[in-house]
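Colleague:
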Amino acid sequence: MIKVRPQHAGNLEFVQIQDFENPGGLEEAVQGVDGVIHVASPFTYDTTDNEKELIIPAINGVRAILEACTANPAISRLVITSSFASVVDIVRKGPYAYTSKDWNPLTYEEAAAPTSDAVVAYRGSKKFAELEAWKFVEERKPHFDIVTLCPPMTFGPVVHPIAGIDKLNESNAVLWSVAKGISPLPVSRVPFWIDVRDLATAHVQALLVKDAGGKRFTPTAPEKFSYGLAAQLMVEEFPQLKDVIKLEEQVIDESKSLDGETAGRELGYEYRTFRQTVKDFITQAIALDSRS
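Each residue of the sequence shown is one higher than the one before, counting from 6 in this note's numbering.
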C-alpha cells in the first residue's frame, strides 16, 4: 500500500496482527490513536465447521477489539463493519422496507448447524458478532461509543495492490465475469449495493460525526442493481465488449427497499450511480487484465 502510494507514506503506518481474536495483540495496535475502525471478519465458502471457522472467529474478533479499546482511555469511538447480512430476512415474502432496526431471524443453532451452508453461517456470524458489540456497550458501559455499518453488496475500483485479475475480491470477481461473457448471468439474491468508495467515506464519517455515536446504519445506494443491468451498462460504456458480453433481461425486485438515505444524510455523503461504479471498475479491470 505504501509502495504504490508514496505520497501518503507519512500518514500511513502498519502493525502486523498475529491473532485478531486476541485482545493482547490488538492493544498494541490501538496505542496512540483516538478512533478505531474494525473491518476484519473471516469469510470463505470452503468450510468444514461453520461455527469454528466463521461464527466464533467473528464474535471473538469483535470482543478482542472492544477489550483493546477499553484498555486505551484515549479512544473515543469504535466503528464496526457489520453487513446487510445481519439485517436481511432472506425468506421474507412480499413488500418490505428494511431499515437499521431490522435483524435477520437466524438463531445461533441454525447458523452453526453442520447442515447449513457457509452463506447461512456467514449471515449468522455477522449478526451475532454485531449483537456482541451492542451487548458489550450495554453491559460494560465503556468510555467510548460505537457505530455499526451494515452495507450490502460492495463494488468498485480496487485500492489495494493485487497480483492479477484472478485475485479480485468476491463481489468484483462476479462483476468481472459478466464482462468476460459468463452465461447465464449471475443472479443476485438482493438488489442492494454500494460503491466501495462511498462505503469508505461512510466509515470515515462514522468516526468523525459526533452525533453518529451509538447508532446503526445501513448505507446503500438508492438505485437497485442486477447483473443484467450491469451487462447492459458495460455494453454501453465499453463498445469493444459488445460481442463478448451476454445480455440478459433480469427483473429487479422492486418490492423491497433498504434505507440508505439516513446514512447519507446523517453522515454527510452522496452515493455514486451504478453506471459510474461499473465504468470505473471495469476500466481498472481491463487495464489489470492486460497486464496479467
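Note that the Cβ used here is the ideal one computed from N, Cα and C, for glycine as well.
Tell me which same chain residues have a C-beta within less than 6 angstroms of the C-beta of Leu293, skipping the five on either side of it?
Modeller: Only Ile170 meet the Cβ criterion.
Colleague: Would DSSP call Phe149 helix, strand or coil?
Modeller: Of the three classes helix, strand and coil, the one that applies to Phe149 here is coil, per DSSP.
Colleague: Would you mind reading off the limits of the beta strand (DSSP E) that contains Tyr101?
Modeller: Counting along the chain, the beta strand (DSSP E) containing Tyr101 begins and ends at Tyr101 to Tyr103.
Colleague: Between Asn5 and the rest of its own chain, which residues show a CB-CB distance below 8 angstroms, the 5 nearest in sequence each way excluded?
Modeller: A query on residue 5 cannot be resolved here, the shown segment of the chain reaching from 6 to 297 and no further.
Colleague: Would the region 189 to 202 and the region 276 to 286 be scored as touching if the rule is three or more Cβ pairs under 8 angstroms?
Modeller: Taking 8 angstroms as the limit for Cβ pairs, the verdict is that the region 276 to 286 does touch the region 189 to 202.
Colleague: Measuring CA to CA, which of Leu154, Leu238, Arg280 and Lys8 is closest to Thr206?
Modeller: Looking at the Cα atoms, Leu154 is the closest of the given residues.
Colleague: Just to confirm, are Leu31 and Ile70 a CB contact at a threshold of 8 angstroms?
Modeller: Yes, Cβ-Cβ distance for Leu31 and Ile70 is below 8 angstroms.
Colleague: Tell me which residues share the same chain as Ser262 and place their Cβ nearer than 6 angstroms to its Cβ, disregarding the 5 neighbours each side in the sequence.
Modeller: Cβ within range, chain order: Ala102.
Colleague: Rounded to whole angstroms, what is the Cα-Cα separation between Ile257 and Gln237?
Modeller: Straight-line Cα distance between these residues: approximately 14 angstroms.
Colleague: Name, in chain order, the residues that DSSP records as bridge partners for Trp198.
Modeller: Met158, per the DSSP bridge assignment.
Colleague: Roughly how far, in whole angstroms, is the beta-carbon of Cys74 from the beta-carbon of Phe149, given that I think they are within contact range, below 8 angstroms?
Modeller: With 8 angstroms as the limit, Cys74 and Phe149 qualify as a contact, their Cβ atoms being about 6 angstroms apart.
Colleague: What residue does the alpha helix (DSSP H) around Ile291 start on, and which one ends it?
Modeller: Counting along the chain, the alpha helix (DSSP H) containing Ile291 begins and ends at Phe279 to Arg296.
Colleague: Using 10 angstroms around the beta-carbon of Thr278, count the other beta-carbons present and answer buried if the total reaches 16, otherwise exposed.
Modeller: With fewer than 16 other Cβ atoms within 10 Å, it is exposed.
Colleague: My parser needs the beta strand (DSSP E) runs of 3 or more residues fully inside the region 52 to 128; what are they?
Modeller: Fully enclosed beta strand (DSSP E) runs of 3 or longer: 82 to 86 and 101 to 103.
Colleague: Taking the alpha carbon of Tyr113 as the point to measure from, which residue in Lys131, Lys98 and Asp107 has its own alpha carbon closest?
Modeller: Here the closest residue by C-alpha is Lys131.
Colleague: On the CB-based measure, 16 or more other CB atoms within 10 Å of its CB, does Val35 come out buried or exposed?
Modeller: With 16 or more Cβ atoms within 10 Å of its Cβ, Val35 is classed as buried.
Colleague: By Cβ distance, which residues of its chain are closer than 7 angstroms to Gly273, with the 5 residues on each side in sequence left out?
Modeller: Cβ within range, chain order: Gln210 and Val214.
Colleague: Any chance the region 88 to 98 sits against the region 51 to 62, with 3 or more Cβ pairs inside 8 angstroms?
Modeller: In short, these stretches do not touch, since the Cβ pair count stays below three.
Colleague: I need the DSSP call for Val256, collapsed to helix, strand or coil.
Modeller: Note: Val256 maps to coil in three-state DSSP.
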